[in-house]
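Undergrad: Here the protein sequences line up with chains A and B, keeping their order.
Mapping to numbering that gives the first Met the number 0: the first sequence position 352 is 351, numbers consecutive.
Mapping to numbering that gives the first Met the number 0: the second sequence position 389 is 388, numbers consecutive.
Even for Gly, the Cβ is constructed at its ideal location relative to N, Cα and C.
First, the structure itself, so that you have it in front of you.
2 protein chains.
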Amino acid sequence: MSYNKAPSITAKVRIFTYEPCGEIVRHARRLEKEIYDNPGSLPFQEIIYCNLGNPQALGQRPINFFREGVRSLREAVADGIAARDGFPSRPDNIFLTDGASSAINMMMQILIRSHEDGILCPLPEYPLYSASIILHGGTMVPYNLTEDSGWGLEIFEVKRCLEEARASGLTIRAMVVINPGNPTGQVLSITNQEEIVEFCRKEGLVILADEVYQENVYTENKRFNSFKKVARSLGYDHHDLSIVSFHSVSMGYYGECGRRGGYMEICGFGDDVIDEMYKLASLTICPNIAGQILISLVMDPPKLGDEAFEIFMVEKEETYSSLLKRAKALQKAFSGLEGVSCNKFEGAMYLFPRLRLPQAAIKAAQLEGVSPDVFYAHRLLGATGIAVVPGSGFHPVSGTSHIRCTILPGEETITAMVPRLQAFHEAFMDEFRG
Amino acid sequence: MSYNKAPSITAKVRIFTYEPCGEIVRHARRLEKEIYDNPGSLPFQEIIYCNLGNPQALGQRPINFFREGVRSLREAVADGIAARDGFPSRPDNIFLTDGASSAINMMMQILIRSHEDGILCPLPEYPLYSASIILHGGTMVPYNLTEDSGWGLEIFEVKRCLEEARASGLTIRAMVVINPGNPTGQVLSITNQEEIVEFCRKEGLVILADEVYQENVYTENKRFNSFKKVARSLGYDHHDLSIVSFHSVSMGYYGECGRRGGYMEICGFGDDVIDEMYKLASLTICPNIAGQILISLVMDPPKLGDEAFEIFMVEKEETYSSLLKRAKALQKAFSGLEGVSCNKFEGAMYLFPRLRLPQAAIKAAQLEGVSPDVFYAHRLLGATGIAVVPGSGFHPVSGTSHIRCTILPGEETITAMVPRLQAFHEAFMDEFRG
């Protein structure tokens, strides 16, 4: 395969070697396939793996689990993606990962070559992005989502940021899109996604598509579309555009955070880069097996006719309808508070209401040396026991104050929590109204 | 606590923020403890965590698992370390990790501030070290283990390397010691460990103690001693010396590679650095829960009187005696080959025999553009199906050739494999004897 615009990667990844999973092992795998395909063609009937210190080999062949086993999990994920999108997916393009966070870190490690490399990221952002870009020595190039249009992504704003960054000497490598949004909870329209695809194709940017909330969409007039599906529907293939999609077992109706399962699908990268990524992934040996199995099950859920289908669907629907009920209750509560506005909840698992606090509260915050949202969130916690994240941690437009609140507390907890929130807010506003 | 020589860390870690696990959450935990210690002292009876998108909260309190649960696992690990060493261990100094590899990566990320920071590493080395140092932008400062003295660690050689590196302008931050050794299989004597402790204390180096093979010691006149135990036995405490110890569920008599469990114990770092490490660890949310539980069980195995004790001891002993039998059989086989020498196997899970190949073989390798060990390993694989790792991947002294072979194939497999190895080697030597 040839890739006109296939991304180059940092030399730091290319130059180290990791032989315990290197060329000789790949050759052993080829021989093993040869034995399987043409029995008797080689002077031995099996490969004896003395290369890796994997004591699971005790009393059993180490072969099956680490090769066929893991391959079949990647196949299940690829099949699930193909079924979701209606476009093919190759198991060789799937990397199973310990949740999405480590995958995102790995892509930043691969893409960022120096401080002159920039990554476009939305603001407000999930702060893993800025942290990971800093850690790998790159430059974050933020673009603002527009709160007034329901956290819309305006392509002219992204283009403006790109051009400004290029004028300052940066090379822009990739654009991060979080869809559905975190912390903002919006779902991109397909038209908007098409604009992003056209833009990234034209500008030669990798799309880093954070799609971990793909099964957290709660609005009737929008559904989740992967960026790969949108690109393929426009007629673009892996020669035209590089896309990385991240997914995780921690979200959706499954929500198995502690299991650390996830995948990334890498499209439009050269085979040499895939090899380098394999080497990099080898450094941490493998993602945990339970998580690997779980993400394959997430992408290959019970189908009509399967024994597990009925109870699976009931549980899934119950979870969705409960999450929606909770989101609505919290959104209504926040929207009803004086000086607070809250965009319509469309997806993901968060509300990100904006606070317009009295001047006296802003001054009191200044006196304590914290930003107004931090001041508010600490007061809320101290008075009610409700822990939310101050919005400034997500870097929204300067001068605005927000809090991020999950929709996850149980329905009864929310019922009990709303009057506490209201009473606190009223007292807070009264105290600082001046 | 004050630390005279507490290590400083890279600014890249200090400057990013990650609020979803930030100050407000720590404050919420303090309030929760207050509710527990003094019921009724606060205007609410519980903390409602709306900060993190953890859907495990569905239908159940998210509190217990992520706080008391995980704390008790770290307590079990700390208790196990204290029982092993006879010196106290604090749960707050334990980080549970997805195997040792991610912990080692994290320490390199923390310690390396720029290319001028050097890390002392043994050669031959486990190549995760050079890879991780390159990835985090530092400089590897190698010291040679002495093959002729059974892969001994000579402190004057380490001192020579340190001084040479300092003279070239590097700041040496840490010394990696792998004990028992990988790929070399030696176990350090306690005298040697005392020298290392004195050296690192005097020179202000962090000891990065790779102790993942602590339960793979097979020699009767040596036993495993942690570096922390050696330092404490010499009367040094956390003010005198910084030590990080890595351990993993992937090795020992348990060998649960695919589960990705591990810990690191951090001694002699300031609380501010521990806070930064907590922030860095938060970026990948948490290690997988099954692995966390498993490492706590590894460090808190069944005791005399426990129901599980008897069968546990039988399995453990069977595993040890089988591993020892296999190591002996392979060591005897390698030592008996023409031109091959193999140091006594003391610990870990590898033999690292040295090959002295005929000149004609070395020339044939040159013609193929590979090093002699790679040439030999490929020939061995192609003729017998035995996959070993060419020694050059572990960076031994230039001009020497080795292969690394695990002792893990089953006893019957080894019995079948040895004649194949012997026949291959004989034919190889005959072909190239010239």
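#1: According to DSSP, which residues form a beta bridge with Cys404(A)?
#2: For a cutoff of 7 Å on Cβ pairs, would you count Tyr48(B) as touching chain A?
#3: Does the contact criterion of 3 or more C-beta pairs under 8 Å hold for the segment 312 to 330 of chain B versus the segment 220 to 227 of chain B?
#4: Going by alpha carbons, who is nearest to Leu336(B) out of Ala359(B), Gly149(B) and His424(B)?
#5: So which of Glu197(B), Glu411(B), Glu317(B) and Thr283(B) has the shortest CA-CA distance to Tyr235(B)?
#6: Should Arg432(A) be labelled buried (16 or more other beta-carbon atoms within 10 Å of its own) or exposed?
#7: For a contact defined as C-beta to C-beta under 9 Å, what are the partners of Glu309(A) on chain B?
#8: How would you call Ile413(B), buried or exposed, if buried means at least 16 neighbouring beta carbons within 10 angstroms?
#9: Using 8 Å as the Cβ pair cut-off and three pairs as the minimum, do the segment 123 to 142 of chain B and the segment 73 to 85 of chain B touch?
#10: Once DSSP output is grouped into helix, strand and coil, what is the label at Thr399(B)?
#11: What are the residues of the segment 117 to 147 of chain B that lie near chain A, defined by any Cβ-Cβ distance shorter than 9 Å?
#12: Is any beta-carbon of chain B found at less than 7 Å from that of Glu67(A)?
#13: Are Cys49(B) and Ala360(A) touching if we call contact CB-CB under 7 Å?
#14: Is DSSP giving Gly151(A) helix, strand or coil here?
#15: Cβ of Asp429(B) less than 7 Å from any chain A Cβ?
#16: So Arg258(A) contacts chain B; which residues on that side make the cut at Cβ distance below 8 Å?
#17: I want to see whether chain B comes within less than 7 Å of Glu45(A), judged by CB atoms only; does it?
#18: Applying the criterion that 16 or more other CB atoms from any shown protein chain within 10 Å of the CB defines a buried residue, is Phe427(B) buried or exposed?
#19: So what does DSSP say about Thr96(A), is it helix, strand or coil?
#20: Please classify Cys266(B): does DSSP put it in a helix, a strand, or coil?
#21: Return the bridge partner residues of Thr414(B) from the DSSP annotation.
#22: Leu366(A): buried (16+ other C-beta within 10 angstroms of its C-beta) or exposed?
#23: Which residue from Pro182(B), Ala208(B), Gln291(B) and Lys228(B) puts its Cα closest to that of Ala347(B)?
#24: Whole-angstrom Cβ separation of Asn104(A) and Thr283(B), contact assumed at under 8 Å?
#25: Run the CB neighbour count on Ala166(B), radius 10 Å, all protein chains shown included, and call it buried at 16 or more, exposed below.
#26: Could you tell me how far apart the beta carbons of Ala81(A) and Pro87(A) are, in whole angstroms, since I believe they sit closer than 8 Å?
#27: Would you kindly report the start and end of the unbroken alpha helix (DSSP H) that includes Ala332(A)?
#28: Give a yes or no on whether the minimum CB-CB distance between Ser100(B) and chain A is below 7 Å.
#29: Do the CB positions of Leu354(B) and Cys341(B) come within less than 7 Å of each other?
#30: With contact counted as at least three CB pairs below 8 Å, one residue from each stretch, are the segment 106 to 122 of chain B and the segment 368 to 385 of chain B in contact?
#31: Short of 6 Å in beta carbon distance, which residues of its chain neighbour Glu306(B), apart from the five on each side in sequence? Order them along the chain.
#32: Rounding to the nearest angstrom, what Cα-Cα distance links Gly381(B) and Ala27(A) in this structure?
#33: Keeping to the same chain, check which residues put their C-beta closer than 6 Å to that of Cys199(A); ignore five residues upstream and five downstream.
#34: Near Tyr128(B), which residues of its chain fall below 6 Å by C-beta distance, leaving aside the five closest residues on each side in sequence?
#35: Let me check one thing: in DSSP terms, what residues is Met139(A) bridge-paired to?
#36: Is there at least one Cβ from chain A nearer than 7 Å to Ile284(B)'s Cβ?
TA: Taking the geometry as given:
#1: Leu350(A)
#2: yes
#3: no
#4: His424(B)
#5: Glu197(B)
#6: exposed
#7: Going along chain B, no residue has its Cβ under 9 Å from Glu309(A), so there is no contact; the nearest lies around 20 Å.
#8: buried
#9: no
#10: coil
#11: Tyr125, Pro126, Leu127, Ser129, Ala130, Ser131, Ile132, Ile133, Leu134, His135 and Gly136
#12: Because Glu67(A) sits at a pLDDT of 44, beneath the cut-off of 50, its placement in the model cannot be relied upon, and the following sentence gives the value as read from the coordinates. No, its Cβ sits nowhere closer than 7 Å to a Cβ of chain B.
#13: no
#14: strand
#15: no
#16: Asn287, Ile288 and Ala289
#17: yes
#18: buried
#19: strand
#20: strand
#21: DSSP, once it has assigned bridges, lists no residue as partnering Thr414(B).
#22: exposed
#23: Pro182(B)
#24: 7 Å
#25: exposed
#26: 5 Å
#27: Phe308 to Ser334
#28: yes
#29: no
#30: no
#31: none
#32: 8 Å
#33: Met174 and Ile206
#34: Cys120 and Val175
#35: Ile118(A)
#36: yes
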